[in-house]
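Chemist: Quick one: the structure is below, questions incoming.
Numbering (this note's numbering), first residue to last: 823 to 887.
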């Protein structure tokens, strides 16, 4: 699925309105309207979660509440 048609990419890159609660250069965290997903979206499209290894050192996914 290309990034232009990926709902997650559109939400992460503000092409579709979302309730953003945190954002940095690599990720956007949203409150999901149907809370079945985690709500943490990468701004770059990845086909498979294993592809995240390419940028894992650049992304800090630790959350402090």
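Beta carbons are placed, not taken as given, at the ideal position from N, Cα and C, and that holds for glycine.
1) Checking 8 Å against the spacing of the C-beta atoms, do residue 843 and residue 831 come in under that value?
2) Starting from the Cα of residue 854, find the closest Cα among 827, 826 and 834 and give me that residue.
3) Here's the rule: buried if 16 or more other CB atoms are within 10 angstroms of the residue's CB, otherwise exposed. What is residue 829?
4) Taking residue 851 as part of the beta strand (DSSP E), name the residues at either end of that continuous run.
5) State the start and end residues of the unbroken alpha helix (DSSP H) segment that holds residue 833.
Modeler: According to the structure data:
1) Not closer than 8 Å, so no.
2) By alpha-carbon distance to residue 854, the top candidate from 827, 826 and 834 is 834.
3) In this structure residue 829 is exposed. Its beta-carbon is surrounded by fewer than 16 other beta-carbon atoms within 10 angstroms.
4) Looking at the DSSP string, the run of the beta strand (DSSP E) that includes residue 851 is 849 to 853.
5) From DSSP, the alpha helix (DSSP H) with residue 833 extends over 829 to 834.
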